[in-house]
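Written below as structure tokens is the structure these notes are about.
Protein chains: 2
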Amino acid sequence: MILALTGGTGGAKLIQGLAAEIDPAELTIICNTADDAIFHGLHVSPDIDTIIYTLAGLNDEEKGWGLAGESFATLEQLGCLGEEVWFKLGDKDLATHILRTRLLREGRKLSEVAERLRTALGVKSEILPMSDDRIETRVVTANGEISFQEYFVRQRWAPEVKQVLFAGADQSSPAPGVLAAVRDAAAIIICPSNPVTSIGAILAVPGIRCALAESKSKVVGVSPIIAGASVSGPAHRLMAVKDLQASAAGVAKGYADFLNVLVIGTEDQGIQTGIEELGVRPVLANIRMKTLADKRRLAREVLALV
Amino acid sequence: MILALTGGTGGAKLIQGLAAEIDPAELTIICNTADDAIFHGLHVSPDIDTIIYTLAGLNDEEKGWGLAGESFATLEQLGCLGEEVWFKLGDKDLATHILRTRLLREGRKLSEVAERLRTALGVKSEILPMSDDRIETRVVTANGEISFQEYFVRQRWAPEVKQVLFAGADQSSPAPGVLAAVRDAAAIIICPSNPVTSIGAILAVPGIRCALAESKSKVVGVSPIIAGASVSGPAHRLMAVKDLQASAAGVAKGYADFLNVLVIGTEDQGIQTGIEELGVRPVLANIRMKTLADKRRLAREVLALV
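In order, the protein sequence lines correspond to chains A and B.
One point on numbering: in the numbering used here, the residue at position 83 of the first sequence is 83, and numbering is uninterrupted.
One point on numbering: in the numbering used here, the residue at position 27 of the second sequence is 27, and numbering is uninterrupted.
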């Protein structure tokens, strides 16, 4: 079993490549859930849903988020009823959130909901939320503390960030199967997701980081940063608050206690030594993934390293 | 102020006519809420919504229920996720239920939600649920007790009905403003809704029936039964369980303690005497409402009687 740790968009690209290169039933995925948010009283798990939709082949490749062929009739009507609609929830997507919310209210766990959703949509890979407990990424700005979605979607990562907190993480536990997956994995892949708010959130759940460090299997990461800039999103801006340089070397430093190999962009040839000094082996590759062919090629290169 | 008591579809036609014939701000409407149901964890108030959509000019005239130009993407996706989708909830309609559910969970009352919804959609008439308490119509069949929507929508009123119960009605109170509206109304109109499950449910809320009987204003009803058959729905089948004949005379008998006038179909000329004997004045009219012109004409005739 190959284990992958991931956030949403960025990581989903590599996940898609991995699921195409190996038997998807042999892929287990641990997802960030600290970006989960309540909109209109509905529980939204953006990263889990992105991964499920991607593996079900239902994702919108063009937009890079949500479902293909999506409509927004419910959201528009919520706007007419005076609700804030800056978080774009499509009609089909809402079915997921409506079902999740009902199941959670009936006492089911996030992990049970993820299992129900991925099974219903024919996804063969096991998808585990990092925790069944409520953990909430809070972004501290000069103007106060806001939720991750407020920062990321509503304010389009414009505010200067002073700190990133994972509210509830201290008291949380890994979801059922998470520690066993880390322990039993033949190899572990850290997807090119935000090292602070996606992978960092997963690592904030007590027990997961230790389990990774203790793993005897190879842990291979793919840098989400190329030449000092994020491939997508605000990762490069957020790394500073965790005392990490906004570079592939910063990524390696953030993961140094458990990472064996970091696949970095060919553009970052010059910082290989810095990464080696952290005890992480850098491997150069074309890590930009635009097409499915790019995703599969990078997945193959990563799989060859484990 | 003119007060109207109504259920959904049937009554909505007369409500539409009334709101077109008088200043809609002078029309107050008390709606049945015993058909309310929870679907997918969302609180649906079919009668309130039908009345609001109708008065907002958003209703689907052709289908006779729901919103015009409606799509069903969320419901279809809920079906893909393994949910039962026999109750047809459109995408725009779902916005109403999502908002209502959130507000109720935050501690708001059904009456506050109705006020928020009708205001947001520009409806000038005040819309009052009969009660803010949970009252649930239960239909007792040979095969056990089912909800009203299970009976009405899913089983298309096929089962033989032994009894109709209003669970929770005994302990309920009229919503704020309901008794005052009955007391203060210049005239009261009983819409051609199901006398058992719509108007009957309203009358089951302690205090409303007495207030109607004590009203000094004229109370005028329109029969939902013509020549022994319901204009729409299963009213004629349900009246027997309340010991009422399935006829306009049965309607008059059910309302005799508070009704002054009952507008009946010209087809029912022959049963006028039976209605007079109940102390209710029968008035013949064409009470079938197909077009807006029909609705307005009947509304004018009803208004002329009060």
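Where is the CB? At the ideal position from N, CA and C, for every residue including glycine.
Every value quoted in this text rests on a predicted model; they were computed, and no experiment measured them.
Spatial distance of residue i from residue j (CA atoms)
i               : j               : result
T74 of chain B  : Q269 of chain B : 49 Å
L42 of chain B  : A95 of chain A  : 12 Å
V241 of chain B : R297 of chain B : 33 Å
L259 of chain B : G8 of chain B   : 21 Å
I208 of chain B : G144 of chain A : 51 Å
T33 of chain B  : S111 of chain B : 10 Å
K93 of chain B  : E70 of chain B  : According to the sequence shown, residue 93 of chain B is Asp rather than Lys. About 8 Å.
L244 of chain A : I275 of chain A : 13 Å
V123 of chain B : T119 of chain A : 44 Å
V113 of chain A : P24 of chain B  : 46 Å
D60 of chain B  : C31 of chain B  : 19 Å
G64 of chain A  : P206 of chain A : 31 Å
L27 of chain A  : A142 of chain A : 41 Å
L89 of chain A  : Y53 of chain A  : 14 Å
S173 of chain B : A204 of chain B : 10 Å
F72 of chain A  : V44 of chain A  : 16 Å
A227 of chain A : L104 of chain A : 42 Å
K290 of chain A : V85 of chain B  : 38 Å
I225 of chain B : K295 of chain B : 16 Å
I38 of chain B  : V164 of chain B : 19 Å
F152 of chain B : T266 of chain B : 28 Å
V302 of chain A : V261 of chain A : 9 Å
P195 of chain B : R154 of chain A : 50 Å
A246 of chain A : A56 of chain B  : 54 Å
K109 of chain B : P129 of chain B : 10 Å
V178 of chain B : F87 of chain B  : 29 Å
Residue i and residue j closer than 9 Å at C-beta
i               : j               : result
T101 of chain A : I51 of chain A  : no
T137 of chain A : A201 of chain A : yes
V263 of chain A : P234 of chain A : no
L117 of chain A : I29 of chain A  : no
R307 of chain A : G107 of chain A : The requested residue 307 of chain A is not part of the displayed model; chain A covers only 1 to 306.
A252 of chain B : L212 of chain B : no
V306 of chain A : S215 of chain A : no
G17 of chain B  : L292 of chain B : yes
A249 of chain A : L3 of chain A   : no
F148 of chain A : D257 of chain A : no
A229 of chain A : S125 of chain A : no
Coarse secondary structure for residue i, derived from DSSP in three states
i               : result
V196 of chain B : coil
K13 of chain A  : helix
K109 of chain A : coil
I208 of chain B : helix
E83 of chain A  : coil
P129 of chain A : strand
I30 of chain A  : strand
V231 of chain A : coil
G168 of chain B : coil
L219 of chain B : Here the sequence assigns Val to residue 219 of chain B, which means Leu is not the residue at that position. Three-state DSSP puts V219 of chain B in a strand.
L78 of chain A  : helix
A299 of chain B : helix
T50 of chain A  : helix
I202 of chain B : helix
I190 of chain A : strand
I225 of chain B : strand
E150 of chain B : helix
K92 of chain A  : helix
G307 of chain A : No statement about residue 307 of chain A is possible, as the shown extent of chain A runs from 1 to 306 and does not include it.
L305 of chain B : coil
Integer Cβ distance of residue i from residue j, believed to fall under 8 Å
i               : j               : result
P192 of chain B : I127 of chain B : Actually they do not touch by this definition, with Cβ atoms about 18 Å apart.
L81 of chain B  : L99 of chain A  : 5 Å
L14 of chain A  : V161 of chain A : Rounded, the Cβ-Cβ distance is 25 Å, inconsistent with contact.
H40 of chain A  : E83 of chain A  : 6 Å
I188 of chain A : I199 of chain A : About 12 Å; that fails the 8 Å criterion.
E21 of chain B  : R300 of chain B : 6 Å
A175 of chain B : S131 of chain B : 5 Å
L121 of chain B : L58 of chain B  : 7 Å
S232 of chain B : G10 of chain B  : 6 Å
Residue i - partner residues in DSSP beta bridges
i               : result
N59 of chain B  : B:L67
Q163 of chain B : B:V140
H43 of chain A  : A:I38
R183 of chain B : In DSSP, R183 of chain B forms no bridge with anything.
P282 of chain B : B:L262
V251 of chain A : Per DSSP, none; premise fails for V251 of chain A.
E145 of chain A : A:V140
A313 of chain A : Any property of residue 313 of chain A remains undetermined from this structure, which presents chain A solely from 1 to 306.
P174 of chain A : A:S131
Heavy atom of the ligand COA within 8 Å of residue i beta-carbon
i               : result
I189 of chain B : Of ligands this structure carries none, so the ligand COA is not represented either.
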